[in-house]
Amino acid sequence: MKTTKLDHQKGNRIRNVQEFRHDTYKLKGKLAEPTVCPSCGACYIKGRWTWADRPDSDVNEHKCPACQRIEDCYPAGELTLRGAFVKAHHDEISNLVRNTEEQERAEHPLNRIMAIEEHGDAMVVLTTDIHLPRRIGDAMHDAWRGDLQSHYDDDGYFVRVTWQRDA
């Protein structure tokens with residue numbers, strides 16, 4: 001929902017933009033710092049999750065949103081790689097997928113692969129966020145071209161990305 005109001009003193013319009021997507025795993029407020037995820041060891045420091053070293057002082061424990069999504073089997077992103085090319089180049093594609101995740105995860109601890117499933121000539125990658133599927137899809141397209149499509153759910157926090165190449 002977008003709303004616009006007029007700043008009467010200056011005659012300028014001010015837009016209040018409210019978030020369209022609702023992520024049930026996003027924290028409602030800030031956690032006490034320092035907080036550590038007991039599952040993966042990510043640290044919540046200065047308002048964000050990082051891979052910082054675990055503080056020596058007393059720490060709070062709270063499961064990070066990525067670990068909670070993995071535990072609930074509730075992905076935020078789905079990347080489907082399909083076609084004869086995927087089957088013929090399975091190992092190279094798997095390496096590209098994992099390397100892209102490692103690069104993303106180093107900077108953003110909540111961006112992770114939950115599972116990789118094989119279905120005939122298709123590979124389905126489930127992720128804990130909406131950015132990683134697009135980044136992997138872009139890497140696939142940059143490396144081997146093919147057809148790349150993305151669909152973001154307007155009501156929820158979910159993305160479906162498809163990459164396909166037949167030959």
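Position one of the sequence shown corresponds to residue 1 (my numbering), numbered consecutively onward. For glycine and all other residues, C-beta sits at the position ideal for the given N, C-alpha and C. Quick caveat: nothing in here was measured; it's all calculated off a predicted structure.
Chain D within 8 Å of Gly-120, Cβ atoms only: This model lacks chain D altogether; it includes just one protein chain.
The beta strand (DSSP E) that contains Ala-77, what's its start and end? Before going further, note that residue 77 is Gly rather than Ala in the sequence given. Start and end: 77-82.
Gly-137 in three-state terms, based on DSSP: helix
Taking Cys-43 and Cys-67 to be in contact with their CB atoms under 8 Å, please state how far apart those CB atoms are, rounded to whole angstroms. In fact, because the Cβ distance is near 13 Å, the residues do not count as touching under 8 Å.
Can you tell which of Ala-167, Ala-84, Arg-112 and Asn-60 has the C-alpha that lies nearest to the C-alpha of His-119? Ala-84
Which listed residue (Val-59, His-89, Pro-133 and Asp-155) has its alpha carbon closest to that of Ile-113: Pro-133
Which first and last residues belong to the alpha helix (DSSP H) in which Glu-102 is found? 90-107
N- and C-terminal bounds of the alpha helix (DSSP H) containing Ile-70: 65-72
For the beta strand (DSSP E) containing Ser-150, list its first residue and its last residue. 147-152
When burial is assigned at 16 or more other CB atoms within 10 Å of the CB, is Asp-155 buried or exposed? exposed
Please classify Gly-146: is it buried, with 16 or more other beta-carbons within 10 angstroms of its beta-carbon, or exposed? buried
Thinking C-beta only, is Pro-38 closer than 8 Å to Glu-61? yes
In the DSSP assignment, the beta strand (DSSP E) including Ala-122 goes from what residue to what residue? 122-127
If the criterion is Cβ atoms closer than 8 Å, does the pair Asp-121 and Val-161 meet it? no
Just the Cα atoms here: how many angstroms apart are Ile-45 and Leu-96? 31 Å
Looking at C-alpha atoms only, which residue of Trp-144, Val-159 and Gln-149 is the closest neighbour of Ala-167? Trp-144
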